[in-house]
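J.: Each protein sequence line maps, in turn, to chains A and B.
Yeah, the first sequence ends on 365 if you go by my numbering, and it's all consecutive.
Yeah, the second sequence ends on 365 if you go by my numbering, and it's all consecutive.
Could you have a look at this structure, given as structure tokens, before my questions?
2 protein chains.
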Amino acid sequence: MSRFAPDPAFLTTSHPVGDLGLCHVRLQDDARYPWLVLIPRLAGLREIEDLDGPDRSRLMEEAILAGQAVRAMGMALSLPVDKLNLGALGNVTAQLHLHVVGRRPGDPAWPGPVWGHSPAPALEGSPLSAALAAARLALGL
Amino acid sequence: MSRFAPDPAFLTTSHPVGDLGLCHVRLQDDARYPWLVLIPRLAGLREIEDLDGPDRSRLMEEAILAGQAVRAMGMALSLPVDKLNLGALGNVTAQLHLHVVGRRPGDPAWPGPVWGHSPAPALEGSPLSAALAAARLALGL
């Protein structure tokens, strides 16, 4: 099996946060939502069923932790999280990845899904730094 | 804690398939996609983090099984599954539930998400019976 590397598509749409036991974590570059992307650090994965049993449980626990981090990012960005949205789609970028998005009533895509909704305004400068710091603290990175 | 019952919103949009160890399983009433919905059979849940550790692992395993059932439904409906989409949103119906949807390039919402895309043509008659039978066989129900 070849070595893991995040699909190049992620490099233009997100910022690296760090690595958990299973997943490489990235912060989606969208100023409208606190949003993390978990990418299991194994090559050749496309579906969650491609993970073995222990790694499936690990993905679940890292998704829960990412939800807590998204709430912390929401506090840092003044984008309070009322509902977590989890999604593993992969229709555009096939490499297995899980989105964890913080949603609130009245956000731009509410109550529909964020994926494919509209172009993302970039998260830059001190809000980006604050979101990255909040995410890393919550993830223990 | 009050007793579990599926939110009434599910009753108008889906058909009951049966109960797994954790989840009540429903077949989404949409002729365009093989699509199951898993609803953990515990009252008062809103986020995956509301489940305890063993039930989180159980949800993961039932989601994998549901993916296999969705592929079987796709065969029965001549809607071949190229990619599974998993989503836990709950922005409209807050009761914790997980969508498992079979997607293929060129399907009506491809490559965007199915949620909120467009009104669903009903799945009726013998295709509905075939999909239910395929789902139950794959789920061991």
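Just so it is clear, CB atoms sit at the ideal spot from N, CA and C, and this is done for glycine as well.
Give me, in chain order, the residues of the same chain whose beta-carbon lies closer than 7 Å to that of B/Arg360; leave out the 5 immediate sequence neighbours on both sides.
T.: Position 136 of the second sequence holds residue 360 of chain B. Excluding residues within five positions, the ones whose Cβ falls inside 7 Å are Val241, Gly242.
J.: For a test of your reading of the model: does the CB of B/Leu363 fall under 8 Å from any non-hydrogen atom of the ligand GTP? Yes or no.
T.: With respect to the ligand GTP, the structure shown offers nothing to examine, as it has no ligands at all.
J.: Determine which residues of the region 302-326 of chain A have a Cβ less than 7 Å from any Cβ of chain B, and write them out in chain order.
T.: From the region 302-326 of chain A, only Lys307, Leu308, Asn309, Leu310, Gly311, Ala312, Leu313, Gly314, Asn315, Val316 have a Cβ closer than 7 Å to chain B.
J.: How about B/Leu289 and B/Leu356: do their beta carbons lie closer than 9 Å?
T.: The residue labelled residue 289 of chain B in the question sits at position 65 within the second sequence. The residue labelled residue 356 of chain B in the question sits at position 132 within the second sequence. No; because the gap between Cβ atoms is not below 9 Å, this pair is not in contact.
J.: Compare the C-alpha of A/Pro366 against each of B/Gly314, B/Asp253, B/Pro332 and name the closest.
T.: No answer is possible for residue 366 of chain A: the residues shown for chain A start at 225 and end at 365.
J.: Can you name, in chain order, every residue of its own chain whose Cβ lies under 7 Å from the Cβ of B/His248, other than the five neighbours on each side?
T.: Translated into positions along the second sequence, residue 248 of chain B becomes position 24. So the qualifying residues of the chain are Pro230, Ile263, Arg265.
J.: Taking Cβ-Cβ distances below 9 Å as the criterion, which residues of the region 281-296 of chain A are in contact with chain B?
T.: Result list: Ser281, Leu283, Met284, Glu285, Ala287, Ile288, Gly291, Gln292.
J.: Below 8 Å on the Cβ atoms is my guess for A/Gly340 versus B/Pro337; work out the distance and round it to an integer in Å.
T.: For the purposes of this step, residue 340 of chain A is taken as residue 116 along the first sequence, with counting starting at 1. For the purposes of this step, residue 337 of chain B is taken as residue 113 along the second sequence, with counting starting at 1. Sure, about 6 Å apart at Cβ, within 8 Å.
J.: Output, in chain order, the set of chain B residues within a Cβ distance shorter than 7 Å of A/Pro335.
T.: Position 111 of the first sequence, counting from 1, holds the residue named residue 335 of chain A. Chain B residues near A/Pro335: Asn315, Val316.
J.: Which bits of chain B does A/Gly340 rub up against, with CB to CB less than 7 Å?
T.: Against the first sequence, residue 340 of chain A aligns to sequence position 116. Going along chain B in sequence order, the residues near A/Gly340 (Cβ under 7 Å) are Gly336, Pro337.
J.: What residue from A/Ala312, A/Leu308, A/Lys307 has the CA that sits closest to B/Asn309's CA?
T.: The residue labelled residue 309 of chain B in the question sits at position 85 within the second sequence. When each option's Cα is compared against that of B/Asn309, the closest is A/Ala312.
J.: Does the region 314-324 of chain B come close enough to the region 345-352 of chain B to have 3 or more Cβ pairs within less than 8 Å?
T.: No contact exists between the region 314-324 of chain B and the region 345-352 of chain B.
J.: Helix, strand or coil for A/Val294? Go by DSSP, reduced to three states.
T.: Within the first sequence, the letter at position 70 stands for residue 294 of chain A. Here A/Val294 sits in helix by DSSP.
J.: I need the boundaries of the alpha helix (DSSP H) containing B/Leu361, first residue and last residue.
T.: For the purposes of this step, residue 361 of chain B is identified with residue 137 of the second sequence, where counting begins at 1. B/Leu361 -> alpha helix (DSSP H) spans 349-363.
J.: Going by the CB atoms, is the gap between B/Leu246 and B/Asp274 shorter than 9 Å?
T.: Reading the second sequence from its first residue, position 50 is the one you call residue 274 of chain B. Reading the second sequence from its first residue, position 22 is the one you call residue 246 of chain B. Not in contact: B/Asp274 and B/Leu246 (Cβ atoms no closer than 9 Å).
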